[in-house]
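Asker:
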Amino acid sequence: MSRKLVIDPVTRIEGHGKVTVILDDDNRVMDAKLHVVEFRGFEKFIQGHPYWEAPMLMQRICGICFVSHHLCGAKALDDIVGVGHASGMRILPAAEKIRRLGHYGQQLQSHTTAYFYLIVPEMLFGMDAPPEQRNVLGLVEANPGLVKRVVALRKWGQEVIKTVFGKRMHGISSVPGGVNKHLSIEERDRLLKGGDDLLSVDQVIEYALEGLELFYDFHEKHRKEVDSFAEVPALNLSLVDEEGNVDYYHGKMRIVDKNKSVIAEFDYHDYLEHFAEATEEWSYMKFPYLKALGREAGSVRVGPLGRVNVTRSYGENTPLAKAALERFHDYTDGKANDMTLHTNWARAIEILHSAELIKELLNDPALQEESLTLTPPESAWTGEGIGVVEAPRGTLLHHYRANREGNVTFANLVVATTQNNTVMNRTVRSVADKYLDGKAEITEGMMNAIEVGIRAYDPCLSCATHAMGQMPLVISVYDTDGRLIDERGR
Amino acid sequence: MNIRITLDGKEIETTAGTLLVDVAADNGVYIPTLCYQRGKPCLGTCRACSVRVNGNVMASCTVPVAEGMTVEVDAADLNDMRKALVELLFAEGNHNCPSCEKSGRCELQAVGYEVGMLVSRFPYRFPPRTREHVAKYIWLERDRCIFCQRCVEFVRDHETGRKIFTIDDRGTHASIEIDVALADRMPPEQVREAAELCPVGCIIAKGVGYDKPIGQRKFEVKSIRERTLERSRK
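Those protein sequences? They're chains A and B, same order as listed. By the working numbering, the letter at position 5 of the first sequence is numbered 28, and the numbering carries on one by one without gaps. By the working numbering, the letter at position 173 of the second sequence is numbered 189, and the numbering carries on one by one without gaps.
This is the structure:
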């Protein structure tokens, strides 16, 4: 009699999903799937709203990476009003720098949350550790000093967001054609020098380095386990600058293969010409792929691992992150890295990279400029816009259309977690094969291994389709007739 | 003519015929208003300024003071009644402050804070209301309309004096309407004034939302209570 194992919901991720694993009579893994069981509908209910409201409303899809949605929407609006793609214009450099500052602040904050709160517990205690230890409270008990530094690090990222957007969550800064506020000298100095329980930017860089060291130590002790855990193939996608290295805010889309050969590179406005989205009846989340290569070969990985695989080098302006990236690349002899748990290595590098980028921006006097918005003539109106940024979880796309009355008539979001759908499913299958296959008894640790694989992508299922839900893990075992024969929860 | 009235137990001297809501403000007593604006004729539509006058509850923007009048503003039942009136306004429309561009500048939101409203005790109606976006410069977000009638009475075509906004139908079928032909010849300054006049985010100027950063918006800089009392002192 075959068995169906269900992990529902998957824990310590953003949103609501479940995993099913089908075992045959000999406990061999027949199939494994990640299902996304939420539905939100933001793309529909923005329709009929004024176009300038879109970045404010759409960012509320997420309480984690709202800045990315806000900026993506703002970039789409730049296009719509005529300060973008069609006119060949860009917003003023000072406005772009302020947007970038908020963007990097969010990346630092979001990655810090994912890395330290959600992922480090397994790194320190192991996948087999009891669930009551395998969480941030376990970290507090084991290493209170580390947790204090993590809280301070995350707080600093939040303060960058608040400084730019006016609020720690769902603030407002970007308007069509620019931003509505610059940084005062006092605001800049507070972030640079710290004070009032706030870190200085140099302390932030120091703590980010410590986070990276944490991965190095973990890797040193568990090299075989880390490297062999869910090594799954995929192409890698990132926005890149003119030199072909990651640009978190703007650039072309570049896709590279295992040898880092460029498979495709194009303006993100042409995304739909290159990508199609497959659907499956068992998940609300779609499966994007490169049309030219087909669904199996054309699926991409986005996010920290995708970005560091695409990027050849960081700039001289971020020397510590540059050195860290070189070490990362050396580990795979310059080839793209398919080891899922190395996503956490990449994430730790990006925390450091963000901190160094922020430091550079804070020292740029452009942040204090008064002129921040371009108002294009009415004739520049295009009525259609696409915005893409590298959100913490990967490449995020917003596509809007508005009619001349200002009414949003169409909206489409392609979020990073959706891009990762196929590679996450490959990861689930790989972990199931390794940890569950042929085993007579399925333990808590084995099931958690599957969650560890998913968690490496820091998936935001809420954005990918979408609901808040209780987070206890339930494992259900079904017979071939779909009858529940066993169930355990935690 | 100078007269004396009693306001929340305190005897004060004032001028006969002055509107009670203004007398209260001049004497440091804030009474929330949503339809009334000092210096403009009273509309009496929102009732948010309800107080007790000589034992009867009435809208203070409609009451000229008279000799010997006894007025109660700060009483538990009256405070709760005004709060309930504000809650009803929220429950009657579709108000989504977090993404509304009037947030921080919205009088309904500001008055909601002043009366201590956290949630409506009344079930939300979620009325289906269509937006009107045909006019060239003005977007009518009907979800937010509280039918105060400020725009109806005070926004007129400069040339003909005709009303640009009207309220069609009655009761739950009532709907704010716009004369698009007249609206499209409103000069930019009048568009701004109309948007400013609207106590909520129903009348909004197209394409210019969110221009004020969070923290620098009207009622974040100075509360509606401070503004009312300060204006009255001048």
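We treat Cβ as the ideally placed atom computed from N, Cα and C, and that holds for glycine. These numbers come from a predicted model, not from an experiment.
Can you tell me whether residue 114 (chain B) is buried or exposed? The criterion is at least 16 other CB atoms within 10 Å of its CB, across all chains shown.
Answerer: What you label residue 114 (chain B) is simply residue 98 of the second sequence in a count that begins at 1. Exposed, since its Cβ has fewer than 16 Cβ neighbours within 10 Å.
Asker: Would you identify the three-state DSSP class for residue 356 (chain A), choosing helix, strand or coil?
Answerer: Here the question's residue 356 (chain A) lines up with position 333 in the first sequence. Three-state DSSP puts residue 356 (chain A) in coil, outside helix and strand.
Asker: Please confirm if residue 79 (chain A) has its CB atom under 8 Å from at least one CB of chain B.
Answerer: Working through the first sequence from its first residue, we reach residue 79 (chain A) at position 56. Closer than 8 Å to some Cβ of chain B, the Cβ of residue 79 (chain A) qualifies, so yes.
Asker: Given a threshold of 16 other Cβ atoms within 10 Å of its Cβ, counted over all protein chains shown, does residue 116 (chain A) qualify as buried or as exposed?
Answerer: By 1-based counting over the first sequence, the position of residue 116 (chain A) is 93. Exposed, since its Cβ has fewer than 16 Cβ neighbours within 10 Å.
Asker: Considering only residues of the region 120-193 of chain A, which uninterrupted alpha helix (DSSP H) runs meet the minimum length of 4 residues and lie entirely inside it, listed in chain order?
Answerer: Counting whole runs of 4 or more residues, the region 120-193 of chain A contains the alpha helix (DSSP H) stretches 143-148, 159-165 and 167-188.
Asker: Taking all protein chains shown into account, do 16 or more other C-beta atoms lie within 10 angstroms of the C-beta of residue 174 (chain B), making it buried, or fewer, making it exposed?
Answerer: Here residue 174 (chain B) refers to the residue found at position 158 of the second sequence. Answer is exposed; the Cβ neighbour count stays below 16.
Asker: Could you name the residues of chain A that residue 115 (chain B) contacts, counting a contact when the two beta carbons are closer than 7 Å?
Answerer: In the second sequence, the residue the question calls residue 115 (chain B) occupies position 99. Those within 7 Å of residue 115 (chain B) in chain A are 76, 79, 80 and 83.
Asker: What do you reckon, are the CB atoms on residue 194 (chain B) and residue 221 (chain B) nearer than 8 Å?
Answerer: Position 178 of the second sequence, counted from the first residue, corresponds to residue 194 (chain B). Position 205 of the second sequence, counted from the first residue, corresponds to residue 221 (chain B). No, they are not a contact pair.
Asker: Considering only the beta carbon of each residue, do residue 230 (chain B) and residue 71 (chain B) sit closer than 8 Å?
Answerer: Residue numbering aside, residue 230 (chain B) sits at position 214 when the second sequence is read from its first letter. Residue numbering aside, residue 71 (chain B) sits at position 55 when the second sequence is read from its first letter. Their beta carbons are not under 8 Å apart, which means residue 230 (chain B) does not touch residue 71 (chain B) by this criterion.
Asker: Which chain B residues sit within Cβ distance under 7 Å of residue 3 (chain A)?
Answerer: Because chain A is modelled from 24 through 513, residue 3 (chain A) falls outside the range shown and cannot be assessed.
Asker: Among B:242, B:209 and B:217, whose alpha-carbon lies nearest the alpha-carbon of residue 73 (chain A)?
Answerer: Taking the first sequence and counting its residues from 1, the one referred to as residue 73 (chain A) is at position 50. Among B:242, B:209 and B:217, the Cα nearest to that of residue 73 (chain A) belongs to B:217.
Asker: Excluding the 5 residues flanking residue 175 (chain A) on each side, which residues of the same chain have their C-beta closer than 6 Å to its C-beta?
Answerer: Residue mapping note: residue 175 (chain A) aligns to position 152 of the first sequence, counting from 1. Closer than 6 Å at the Cβ level, and outside the excluded window around residue 175 (chain A), lie 222.
Asker: Three or more C-beta pairs under 8 Å: does that hold for the region 344-361 of chain A against the region 305-323 of chain A?
Answerer: Segments in contact, no.
Asker: Have a look at A:481, A:63, A:454 and A:42 and flag the residue whose alpha-carbon is nearest the alpha-carbon of residue 472 (chain A).
Answerer: One-based indexing of the first sequence puts residue 472 (chain A) at position 449. Looking at the Cα atoms, A:454 is the closest of the given residues.
Asker: Near residue 57 (chain A), which residues of its chain fall below 7 Å by C-beta distance, leaving aside the five closest residues on each side in sequence?
Answerer: As a position in the first sequence, residue 57 (chain A) is number 34, starting the count at 1. Hits under 7 Å: 40, 42, 447, 448, 451 and 477.
Asker: Quick one: is residue 223 (chain B) near chain A, going by C-beta distance under 8 Å?
Answerer: The count along the second sequence starts at 1 and reaches residue 223 (chain B) at position 207. So yes, residue 223 (chain B) belongs to the interface.
Asker: What three-state label does DSSP hand residue 197 (chain A) in the structure shown?
Answerer: Residue mapping note: residue 197 (chain A) aligns to position 174 of the first sequence, counting from 1. Three-state DSSP puts residue 197 (chain A) in a strand.
Asker: Could you tell me whether any Cβ in chain B is nearer than 8 Å to the Cβ of residue 25 (chain A)?
Answerer: For this step, residue 25 (chain A) is matched to residue 2 along the first sequence. For residue 25 (chain A), the answer is no, since every Cβ of chain B falls outside 8 Å of its Cβ.
Asker: Tell whether a beta-carbon distance below 8 Å holds between residue 235 (chain A) and residue 146 (chain A).
Answerer: Mapped onto the first sequence, residue 235 (chain A) falls at position 212. Mapped onto the first sequence, residue 146 (chain A) falls at position 123. Against a cut-off of 8 Å, the Cβ pair of residue 146 (chain A) and residue 235 (chain A) comes out as no contact.
Asker: Provide the residue span of the beta strand (DSSP E) that contains residue 468 (chain A), from first to last.
Answerer: Position 445 of the first sequence, counted from the first residue, corresponds to residue 468 (chain A). First-last for residue 468 (chain A): 467-478, but that is the alpha helix (DSSP H), not the beta strand (DSSP E).
Asker: Kindly confirm or deny that the region 145-164 of chain A and the region 97-113 of chain A touch, where touching means at least three C-beta pairs closer than 8 Å.
Answerer: Short answer: they don't touch.
Asker: Give me whichever residues DSSP pairs with residue 312 (chain A) in a beta bridge.
Answerer: Numbered from its first residue, the first sequence carries residue 312 (chain A) at position 289. The partner list for residue 312 (chain A) (beta bridge, DSSP) reads A:299.
Asker: Pick out whichever of A:196, A:194 and A:178 has its Cα sitting closest to the Cα of residue 213 (chain A).
Answerer: Taking the first residue of the first sequence as position 1, residue 213 (chain A) is located at position 190. Taking only the C-alpha atoms, the option nearest residue 213 (chain A) is A:178.
Asker: Measure the beta-carbon distance from residue 148 (chain B) to residue 59 (chain B) and round it to whole angstroms, keeping in mind my assumption that it falls under 8 Å.
Answerer: Taking the second sequence and counting its residues from 1, one reaches residue 148 (chain B) at position 132. Taking the second sequence and counting its residues from 1, one reaches residue 59 (chain B) at position 43. That belief does not hold up - the Cβ atoms of residue 148 (chain B) and residue 59 (chain B) are roughly 22 Å apart, past 8 Å.
Asker: With 8 Å set as the bound, which would you pick, yes or no: does the beta-carbon of residue 33 (chain A) sit closer than that to a beta-carbon of chain B?
Answerer: Translated into positions along the first sequence, residue 33 (chain A) becomes position 10. It does not: the Cβ of residue 33 (chain A) has no partner Cβ on chain B nearer than 8 Å.
Asker: Answer yes or no: do residue 258 (chain A) and residue 276 (chain A) have a C-beta to C-beta separation smaller than 8 Å?
Answerer: Translated into the one-based positions of the first sequence, residue 258 (chain A) becomes position 235. Translated into the one-based positions of the first sequence, residue 276 (chain A) becomes position 253. It is not a contact, given that the beta carbons lie outside the stated cut-off.
Asker: How would you label residue 189 (chain B), buried or exposed, when you count the other beta carbons within 10 angstroms and need 16 or more for buried?
Answerer: Taking the first residue of the second sequence as position 1, residue 189 (chain B) is located at position 173. Classification for residue 189 (chain B): exposed.
Asker: Can you grab the Cα-Cα spacing for the pair residue 374 (chain A) / residue 131 (chain A), in whole Å?
Answerer: Taking the first sequence and counting its residues from 1, one reaches residue 374 (chain A) at position 351. Taking the first sequence and counting its residues from 1, one reaches residue 131 (chain A) at position 108. Rounded to whole angstroms, residue 374 (chain A) to residue 131 (chain A) spans 5 Å at the Cα level.
Asker: Just how far apart, CA to CA, sit residue 228 (chain A) and residue 297 (chain A)?
Answerer: As a first step, residue 228 (chain A) is located in the first sequence; it is residue number 205 there, counting from the start. As a first step, residue 297 (chain A) is located in the first sequence; it is residue number 274 there, counting from the start. C-alpha separation (whole angstroms): 38 Å.
Asker: Below 8 Å on C-beta distance, what does residue 207 (chain B) contact in chain A?
Answerer: In the second sequence, residue 207 (chain B) corresponds to position 191, counting from 1. The premise fails here: residue 207 (chain B) is roughly 14 Å from chain A at the closest Cβ pair, so nothing lies under 8 Å.
Asker: If the cut is a Cβ gap below 8 Å, which residues of chain A does residue 69 (chain B) touch?
Answerer: Position 53 of the second sequence, counted from the first residue, corresponds to residue 69 (chain B). Neighbours of residue 69 (chain B) on chain A: none; closest Cβ ~42 Å, over 8 Å.
Asker: Is the shortest distance between the beta-carbon of residue 194 (chain A) and the beta-carbons of chain B less than 8 Å?
Answerer: Position 171 of the first sequence holds residue 194 (chain A). It does: the Cβ of residue 194 (chain A) has a partner Cβ on chain B nearer than 8 Å.
Asker: If we count the other Cβ atoms within 10 Å of its Cβ and call it buried at 16 or more, is residue 474 (chain A) buried or exposed?
Answerer: Against the first sequence, residue 474 (chain A) aligns to sequence position 451. Counting Cβ neighbours within 10 Å, residue 474 (chain A) comes out buried, since at least 16 surround it.
Asker: Compare the Cα-Cα distances from residue 92 (chain B) to each of B:62, B:24 and B:109 and report the closest residue.
Answerer: Mapped onto the second sequence, residue 92 (chain B) falls at position 76. Comparing Cα positions, the closest option is B:24.
Asker: Name, going along the chain, the residues of the region 399-432 of chain A whose beta-carbon falls closer than 9 Å to a beta-carbon of chain D.
Answerer: The structure shown contains no chain D; its protein chains are A and B.
Asker: Evaluate the contact criterion for the region 456-463 of chain A versus the region 329-343 of chain A: three or more CB pairs, one atom per stretch, below 8 Å.
Answerer: With the cut-off at 8 Å, the region 456-463 of chain A and the region 329-343 of chain A do not touch.
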